[in-house]
Amino acid sequence: MGGGNGQKSAMRRAKKLEEMQGANKGSQLKTNAASMTIKCNICMTAFVCTTSGCLPSVQEFLMDKSTARL
């Protein structure tokens, strides 16, 4: 039932429109740069701080790297 040429063309147009909208999201470079909110005062290393993942990596860095530079 259905499935004529007009319906197939409309489905192709709709599918292509969805693909084009998904492709226009662009790069995440600006978002990634904006999320680097913690910076080491000794070596100026920036850390990406998300909701759950920034404290363990910063603490590990402080214990391993920054204390050796003091």
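UniProt numbering numbers the first residue of the sequence shown as 1 and each following residue consecutively. All C-beta atoms, glycine included, are put in the ideal place defined by N, C-alpha and C. In this text the structure is predicted, and so the values were computed from the model without any measurement.
If we ignore side chains and look at the alpha-carbon of each, how far apart do residue i and residue j end up?
i	j	result
K30	K15	29 Å
L62	N41	11 Å
Q7	S27	34 Å
M36	G4	53 Å
A11	A34	Going by the sequence as given, residue 11 is Met instead of Ala. About 39 Å.
E18	D64	48 Å
Looking only at its own chain, which residues have a Cβ that is under 8 Å from the Cβ of residue i, when we skip the five neighbours before and after it?
i	result
I38	A46, F47, C49, C54 and V58
N32	V48
Identify the residues that DSSP records as bridge partners of residue i: which are they?
i	result
C47	The sequence as given places Phe at residue 47; Cys does not occur at that position. Answer is I38.
Can you name, in chain order, every residue of its own chain whose Cβ lies under 7 Å from the Cβ of residue i, other than the five neighbours on each side?
i	result
E60	none
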